[in-house]
Each structure stands twice: as structure tokens, then as C-alpha cells.
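Asker:
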Amino acid sequence: MTEILWHGRGGQGAFTAARLLGAAFALKCDESYALAFPSFGPERRGAPIRAFTKLDNKPIGNRSEVERADFSIFLDDTLFSNAAFGELKDGGKILLNTKKSVDDERVITLDADKIAAEILKLPITNTIMLGAFAAVFDRISLDDIENAIRLNMPEKLHAKNIAAVKKAAEEVNP
Amino acid sequence: MAKMFLSGNEAFAYGIRLARPQVISAYPITPQTIVVEKLSEMVEDGSLKSEFIHVESEHSALSCAIGASSVGARAFTATSSQGLLYMAECLTYASGGRFPIVMMNANRSTALPWNIYGDQRDSLSQIDCGWIQAYAENAQEALDLALMSYYIAEHKAVSTPFMANLDGFVLTHTYEVVDVPTAEQADAFLPKFETENKLDLNNPRNLAFSAGPEHNTAFKYKEHIGLLNAKKAVDEAEEKFTEIFGRRYTGLTESYRTEDADYILITLGSIAGLVRETVDRLRKQGKKVGLLRIRYMRPFPNEEIAEAVKNAKAAAVLEKDISFGNEGTVYTNVNSALHKSNVNVPTSNYIGGLGGKNISADDIEKIFDELSEERAKVQFIGIGGDGK
Numbered sequence: 124m125t126e127i128l129w130h131g132r133g134g135q136g137a138f139t140a141a142r143l144l145g146a147a148f149a150l151k152c153d154e155s156y157a158l159a160f161p162s163f164g165p166e167r168r169g170a171p172i173r174a175f176t177k178l179d180n181k182p183i184g185n186r187s188e189v190e191r192a193d194f195s196i197f198l199d200d201t202l203f204s205n206a207a208f209g210e211l212k213d214g215g216k217i218l219l220n221t222k223k224s225v226d227d228e229r230v231i232t233l234d235a236d237k238i239a240a241e242i243l244k245l246p247i248t249n250t251i252m253l254g255a256f257a258a259v260f261d262r263i264s265l266d267d268i269e270n271a272i273r274l275n276m277p278e279k280l281h282a283k284n285i286a287a288v289k290k291a292a293e294e295v296n297p
Numbered sequence: 050m051a052k053m054f055l056s057g058n059e060a061f062a063y064g065i066r067l068a069r070p071q072v073i074s075a076y077p078i079t080p081q082t083i084v085v086e087k088l089s090e091m092v093e094d095g096s097l098k099s100e101f102i103h104v105e106s107e108h109s110a111l112s113c114a115i116g117a118s119s120v121g122a123r124a125f126t127a128t129s130s131q132g133l134l135y136m137a138e139c140l141t142y143a144s145g146g147r148f149p150i151v152m153m154n155a156n157r158s159t160a161l162p163w164n165i166y167g168d169q170r171d172s173l174s175q176i177d178c179g180w181i182q183a184y185a186e187n188a189q190e191a192l193d194l195a196l197m198s199y200y201i202a203e204h205k206a207v208s209t210p211f212m213a214n215l216d217g218f219v220l221t222h223t224y225e226v227v228d229v230p231t232a233e234q235a236d237a238f239l240p241k242f243e244t245e246n247k248l249d250l251n252n253p254r255n256l257a258f259s260a261g262p263e264h265n266t267a268f269k270y271k272e273h274i275g276l277l278n279a280k281k282a283v284d285e286a287e288e289k290f291t292e293i294f295g296r297r298y299t300g301l302t303e304s305y306r307t308e309d310a311d312y313i314l315i316t317l318g319s320i321a322g323l324v325r326e327t328v329d330r331l332r333k334q335g336k337k338v339g340l341l342r343i344r345y346m347r348p349f350p351n352e353e354i355a356e357a358v359k360n361a362k363a364a365a366v367l368e369k370d371i372s373f374g375n376e377g378t379v380y381t382n383v384n385s386a387l388h389k390s391n392v393n394v395p396t397s398n399y400i401g402g403l404g405g406k407n408i409s410a411d412d413i414e415k416i417f418d419e420l421s422e423e424r425a426k427v428q429f430i431g432i433g434g435d436g437k
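Residue numbers (our numbering), protein chains in the order written: chain A, 124 to 297; chain B, 50 to 437.
1. Do you know whose CA, among B/VAL283, B/TYR270 and B/ILE176, lies nearest B/THR302's CA?
2. Kindly indicate if chain B contains any beta-carbon less than 7 Å away from that of A/ASN220.
3. Less than 7 Å separating the beta-carbons of A/ALA239 and A/THR248?
4. By the 9 Å beta-carbon criterion, what residues does the segment 407-419 of chain B contribute toward chain A?
5. Can you name the residues that DSSP bridges to A/ILE175?
6. Figure out for me which residue from B/THR221, B/PRO70, B/ILE354 and B/VAL358 has the closest Cα to the Cα of B/LEU196.
7. Report the CB separation of A/ASP193 from A/THR125 in whole angstroms; it is logged as a contact under 8 Å.
8. Is the distance from the Cβ of B/MET153 to the Cβ of B/ALA117 below 7 Å?
9. Bridge partners of A/LYS279, per DSSP?
10. Drop a sphere of 10 angstroms on the beta-carbon of A/LEU245, count the other beta-carbons inside from all chains shown, and report buried for 16 or more, exposed for fewer.
11. How many whole angstroms separate the CB atoms of B/ILE400 and B/PHE429, which I take to be in contact at a CB cut-off of 8 Å?
12. By a C-beta neighbour count over all protein chains shown, 10 Å radius and 16 as the cutoff for buried, is B/GLU245 buried or exposed?
13. To which residues of the same chain is B/ILE201 closer than 7 Å at the C-beta, ignoring the five residues directly before and after it?
14. Is the beta carbon of B/GLY275 sitting closer than 7 Å to the one on B/PRO80?
15. Quick check on DSSP: helix, strand or coil for A/LEU211?
16. Assuming contact is defined by CB atoms lying nearer than 7 Å, are B/ALA155 and B/SER129 in contact in what I supplied?
17. Answer with buried or exposed for B/MET9, where buried requires no fewer than 16 other C-beta atoms within 10 angstroms of its C-beta.
18. Using the three-state DSSP reduction, which class does B/TYR184 fall into: helix, strand or coil?
19. Just the C-alpha distance for B/ASP228 and B/LEU194, rounded to the nearest angstrom, thanks.
20. Within a Cβ cutoff of 6 Å, which residues of the same chain sit near B/LYS369, ignoring the five residues on either side of it in sequence?
21. DSSP has B/ARG342 in a bridge; who is on the other side?
22. Just to make sure I have the definition right: I need the residues of chain A whose C-beta is within less than 7 Å of the C-beta of B/THR378. Which are they?
23. Any idea what DSSP makes of B/GLN428, helix, strand or coil?
24. Just to confirm, is the Cβ distance from A/ALA271 to A/LEU178 under 7 Å?
25. Tell me, to the nearest whole angstrom, how far the beta carbon of A/ASP267 is from that of A/LYS151; I am working on the premise that it is less than 8 Å.
26. Can you give, in chain order, each stretch of the beta strand (DSSP E) that sits fully within the segment 252-307 of chain B and has at least 3 residues?
27. Enumerated in chain order, which unbroken segments of the beta strand (DSSP E) with a length of 3 residues or greater are wholly contained in the segment 90-138 of chain B?
28. So, A/ALA174 versus A/ASN275, is the Cβ gap smaller than 7 Å?
29. At a CB-CB cut-off below 8 Å, which residues of chain B make contact with A/LEU128?
30. Counting only the same chain and skipping the five closest in sequence on each side, list residues whose C-beta sits under 8 Å from that of B/ASN384.
31. List in chain order: all unbroken beta strand (DSSP E) runs of 3+ residues lying wholly within the segment 207-257 of chain B.
32. Are the beta-carbon atoms belonging to B/ILE413 and B/VAL338 less than 7 Å from one another?
33. Taking the alpha-carbon positions, what's the B/GLY145 to B/GLY431 distance?
34. Beta-carbon within less than 6 Å of A/PHE138's beta-carbon, same chain only, minus the 5 sequence neighbours each way: which residues are those?
35. Mind listing the chain A neighbours of B/THR223? Cutoff is C-beta to C-beta under 8 Å, in chain order.
36. Reducing DSSP to helix, strand and coil, say where B/LEU161 ends up.
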């Protein structure tokens, strides 16, 4: 099972990204299964939230929160600290939206805010970080992500988000 | 059929749309809100032709459903926690009146302390109110139960309301892949609701009447028989369901690797998924363990439980519920089932997941380990705080 831990602030769309990823993976063939859920509770704009995606080739019975992740994805670098490494499995990776550079081979950085400003004209980075994830995770393709966006987002958002996803994937994996 | 990525609440709403209730009356409460919102969207966009009635309370929501059912309409409502307790007065009106209403309950803790998270204290406290009670494990089963619930509730030999329970948040708010049947398939499965138990100008009759000491027992006896008959109706519904949709269900319980098991964990609802995975892991280590999932708490699977447990060395009941001053309600029922069949297997009771507390794979593995030892009969998992 591949476990993904999403970090964002209320309003940044971390759970939407978790759900899009689950849909992209689970709907591609009969042998793929996914669970996606947010940290449950009252939601407040700006407050830290977590969301979770679990991917496997068999039904997933464990509905508990992810404790140690294969991938930990930060939509907002103010939420990132060294504590993040304690929540990673051995060999796990962190995808971090930041303008800074981080000197650790486990961390992949991307200036998602810049792509968001250029393409979406909004400071929303959830689908951009999803594109970055698709670039580093070989069991999901950009086509799978594009399909999930078309099926699960309002039509007026399709073109810009698909363009942003592609741009992110190019930057991470040129 | 179409594969979709849905939450438990959404999956249940899709199932209800396929069942075409003529009246939906509901009052929103976390974590049930989304099923009601989704159905109101379906009514608004025309994909579900139903009278959607916004009421001012849960008491009114069920009263309204009873009124609709009393003129022969298929009725739906949904609630959770304090909402279920607030409508408790009406629960026995629906069951005693033999109105086959379907209600989804999003299992949530009961106050105080106030808490929005999932446990099964709400529905299990209402076990004696005369409703059929089913517990879904995942979103697919939730959708399928929504469809089957009307078949079972409206069955001529049953005519009893149906409460479908989904664990709050871990099932209602978790997204997973679900096969959504077509309307044609659903129509082939579910007959139109036809009943003589309705107000009809051409066939006047008395409904929802008084019955004094002389006749009261006869009505209560018939109500009891109706609920017992639901067992056969469940089998009939599931057989027809498999013919049309392909998916198979196993009646009032589901046994998993219990045939040769020394130690069996009995539970209900969405935690069964994690127990099944734990059983597989322990089996690989050579431990003979199994899972018995209770799918229906009413009618209660007395024979199925005795049959599954009779050759085991010990069994435990894991439930998200406590009947204060005694033990878990499921445990009481399970022990009664074993006693009546002269099954003398030691049992113990684990109370966990209260107020949404996580039950981990380690917790479940520990239960299996402890089953081989002498332990306190009733114990709580992960109490925390000052309770240690």
C-alpha cells in the first residue's frame, strides 16, 4: 500500500487533492483501490489540516489516519518542519511547495505558488502539487490526473488546472 | 453500472435515488448532512422526482415520513446521534404502525461530553424500538443496503421500518470506489411499494389506533413476528440482488476464516475491514483466528453466531458502545445467543472507538493475543486522560 499524507491550511484544497488522487488511481482499472479522507472535525480557513490518500491493488480495510507516509506533500511551507521526517516511512519522500531550497535528498521542492500565479491567477496550489506527485510516482500518469480533474471538478476549472498539473510535472521531472 | 469515487454518504444517496422514494423529510446534523444535501441536489436538478420536505426538527422529520408512509408513499429520512434520540418518540410510532420507512443513521457519539465523531451509542441505545437495524462496512455496501432496505422493509411478511447505519466520518466521509447500478437494474430489483396499510378513500380503514390491554399483546406479538420475518426477506433480497447486480452478501452475519478458528473476534460496522486485514496477517504467522461481522443487529443472528463460534476456544466482541452499568449491548446479545444454543465458549468484551477514538491494527492484534489468556470480561481500549 502507498500512503500519502497531505498538509495544507483550510481553504488551500488539500482534501480536494487527496480525493482527486484517489479517484485518479481507483478509476483507472479494476485492480486499483483507494481511500481518501480529511482529518475529521470542524474546518476553519487558514488552520492547519491534514488529508490522506491510500492506494493499493486490493481493497483497503484500514480506515485509520496515515501515521507514516510514503509521500508527504506540503501545500504550504509554513507547515513544514523537521518533525515531518518522523512521519515518513524508510525511503519516503517529501514534496514541498517553497521558494527556498532544502538540503536533504528526501525533499523535492517546487515553487508551486509561482505556477499558481502564472496559470491559475490564484494562490491555490493543490492540483499543482498533485501534478508534482504524478511526476515522481510511476503508478499514476498525467492522463489519470487529467481524467480525475474532468470527472470531479467544475468544467470552468478544467483547462487551467490541467495546464498547471502539466507545468508542475515538467518542473519536477524535466 | 458506473464506477464512481464516492463517500459513504454520497454512495447512500445514490442508492436512495435508485430506490425512488416519493417523500424525503430530513433535518441536517453532522455527519449525516451530506446525504441530505446530495438528495436535495438530486431533487433540484430533476434526477430524482421526490417531494423534499425541509422540516424544523428530527421529531418532525420522522413524523413527516410516517404521514407519507400512511398514505402509501415510499418515504426516506436520515439522522444521527442527538437527532436520533430526539426522534425516539416517533421510532415506535413508525414500527408499531408497521410503516416501512427507511432511515440512514450516521453513527455518532451521544452527549455529554458533546462530540461529533463516530461511535455506535446512538443506534444501539434504540435497539428495542422495533426497527430493523443494519450496519454497513464500506461505501459499496452502504449503496447496496439503501436499495435492499426498501425491498426488506416493504416485504409483505415484514412491513417494518429499516435503519441503515454508517459509521460517522470513517465511513460517511471517506471516499472510495463504488459501482453505481443503472436505474434499469434498480427497477428490475425493487418492486413498486404497494400496501394495504394506508389511508385510502375507496377502502376506508383505521390506522395508528389505540389498543387496550385485551388486544395490545396481539399487536406487539405480530410486530415481533414481522421483525423476525425480516431474516428471510434479507436472504430473498440478497439472492435477487446477486442475480441482477452480481455482488453477493451473506445474510445477517459475515464469517471470515472462522471455520477452523480457535479465536474469533465479533464486531460490526466499518472496523471489520481492519479486523479482516489483521486476521490475514495473523494467519500468515500460523495463528488460527477469524472474524464474525454482525451485519444486522435486528433481527438478531442468534443461530449464525452460535454456529460460527461453537468450535472456537474463545471469542471477543469489539463494539463502539457501552451500556453504562453493565457491558456493551452487542456483547449482551452475543452471550444470549451462545447460551440459548448451549455453546459454552468463553467470551470477553472490548469497548473501543468511543467518541471517534482510533482503533489501530495493534489494538486488534492485542485482542487476539489476549483471547488465549484469562482477562477481565469487560475492558476499554485506550482510555487516556485521567482514566489511564
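Don't be surprised by glycine CBs; every beta carbon is placed ideally from N, CA and C.
Answerer: In short:
1. The residue labelled residue 302 of chain B in the question sits at position 253 within the second sequence. Comparing Cα positions, the closest option is B/VAL283.
2. On the first sequence, residue 220 of chain A is found 97 positions in, with the first residue counted as 1. Taking Cβ atoms only, chain B never reaches closer than 7 Å to A/ASN220, which makes this a no.
3. Against the first sequence, residue 239 of chain A aligns to sequence position 116. Against the first sequence, residue 248 of chain A aligns to sequence position 125. Result yes, Cβ atoms of A/ALA239 and A/THR248 sit closer than 7 Å.
4. ASN407, ILE408, SER409 and ALA410
5. Along the first sequence, one-based indexing puts residue 175 of chain A at 52. Reading the sequence as shown, one finds Phe at residue 175 of chain A and not Ile. Beta-bridge pairing links A/PHE175 to A/LEU128 and A/PHE160.
6. For the purposes of this step, residue 196 of chain B is taken as residue 147 along the second sequence, with counting starting at 1. Nearest Cα to B/LEU196 within the set B/THR221, B/PRO70, B/ILE354 and B/VAL358: B/PRO70.
7. Residue mapping note: residue 193 of chain A aligns to position 70 of the first sequence, counting from 1. Residue mapping note: residue 125 of chain A aligns to position 2 of the first sequence, counting from 1. Sure, about 5 Å apart at Cβ, within 8 Å.
8. As a working mapping, residue 153 of chain B is identified with position 104 in the second sequence. As a working mapping, residue 117 of chain B is identified with position 68 in the second sequence. Not in contact: B/MET153 and B/ALA117 (Cβ atoms no closer than 7 Å).
9. Working through the first sequence from its first residue, we reach residue 279 of chain A at position 156. A/LYS279 pairs with nothing; no bridge assigned.
10. Residue 245 of chain A sits at position 122 when you count from the first residue of the first sequence. By the 10 Å Cβ count, A/LEU245 comes out exposed.
11. Counted from its first residue, the second sequence places residue 400 of chain B at position 351. Counted from its first residue, the second sequence places residue 429 of chain B at position 380. 5 Å between Cβ atoms; contact.
12. Against the second sequence, residue 245 of chain B aligns to sequence position 196. It counts as exposed.
13. Within the second sequence, the letter at position 152 stands for residue 201 of chain B. Result list for B/ILE201: ILE181, VAL207, PHE211, ALA279, ALA282, VAL283 and ALA286, in chain order.
14. The count along the second sequence starts at 1 and reaches residue 275 of chain B at position 226. The count along the second sequence starts at 1 and reaches residue 80 of chain B at position 31. No, the Cβ-Cβ distance between B/GLY275 and B/PRO80 is not below 7 Å.
15. Here residue 211 of chain A refers to the residue found at position 88 of the first sequence. In this structure, A/LEU211 counts as strand in the three-state DSSP scheme.
16. Residue numbering aside, residue 155 of chain B sits at position 106 when the second sequence is read from its first letter. Residue numbering aside, residue 129 of chain B sits at position 80 when the second sequence is read from its first letter. Contact: yes.
17. There is no way to answer for residue 9 of chain B, as the model of chain B reaches only from 50 to 437.
18. Residue 184 of chain B sits at position 135 when you count from the first residue of the second sequence. Secondary structure of B/TYR184 (DSSP, three-state): strand.
19. Translated into the one-based positions of the second sequence, residue 228 of chain B becomes position 179. Translated into the one-based positions of the second sequence, residue 194 of chain B becomes position 145. Their backbone Cα atoms lie some 13 Å apart in a straight line.
20. If you number the second sequence from 1, residue 369 of chain B lands on position 320. If we look at B/LYS369 and ignore the five residues flanking it on each side, its Cβ neighbours are ASP168, GLN169 and GLY402.
21. One-based indexing of the second sequence puts residue 342 of chain B at position 293. In DSSP, B/ARG342 forms a bridge with B/GLU303 and B/THR316.
22. Translated into positions along the second sequence, residue 378 of chain B becomes position 329. Going along chain A, no residue has its Cβ under 7 Å from B/THR378, so there is no contact; the nearest lies around 23 Å.
23. Reading the second sequence from its first residue, position 379 is the one you call residue 428 of chain B. Strand, per DSSP.
24. Along the first sequence, read from residue 1 onward, the residue named residue 271 of chain A stands at position 148. Along the first sequence, read from residue 1 onward, the residue named residue 178 of chain A stands at position 55. It is not a contact, given that the beta carbons lie outside the stated cut-off.
25. Indexing the first sequence from 1 puts residue 267 of chain A at position 144. Indexing the first sequence from 1 puts residue 151 of chain A at position 28. About 5 Å; that satisfies the 8 Å criterion.
26. 302-305
27. Those beta strand (DSSP E) runs which fall completely within the segment 90-138 of chain B and span 3+ residues are 100-103 and 124-128.
28. As a working mapping, residue 174 of chain A is identified with position 51 in the first sequence. As a working mapping, residue 275 of chain A is identified with position 152 in the first sequence. Their beta carbons are not under 7 Å apart, which means A/ALA174 does not touch A/ASN275 by this criterion.
29. Your numbering for residue 128 of chain A matches position 5 in the first sequence. Chain B residues near A/LEU128: none, gap ~15 Å exceeds 8 Å.
30. The sequence position of residue 384 of chain B within the second sequence is 335, counting from 1. The residues are THR396.
31. 211-216 and 224-229
32. As a working note, residue 413 of chain B is residue 364 in the second sequence. As a working note, residue 338 of chain B is residue 289 in the second sequence. Contact: no.
33. What you label residue 145 of chain B is simply residue 96 of the second sequence in a count that begins at 1. What you label residue 431 of chain B is simply residue 382 of the second sequence in a count that begins at 1. Straight-line Cα distance between these residues: approximately 40 Å.
34. Counted from its first residue, the first sequence places residue 138 of chain A at position 15. For A/PHE138, where only same-chain residues beyond five positions count, the Cβ hits under 6 Å are PRO161 and ALA174.
35. The sequence position of residue 223 of chain B within the second sequence is 174, counting from 1. Those within 8 Å of B/THR223 in chain A are LEU158, ALA159, PHE160 and ARG186.
36. Along the second sequence, one-based indexing puts residue 161 of chain B at 112. Here B/LEU161 sits in coil by DSSP.
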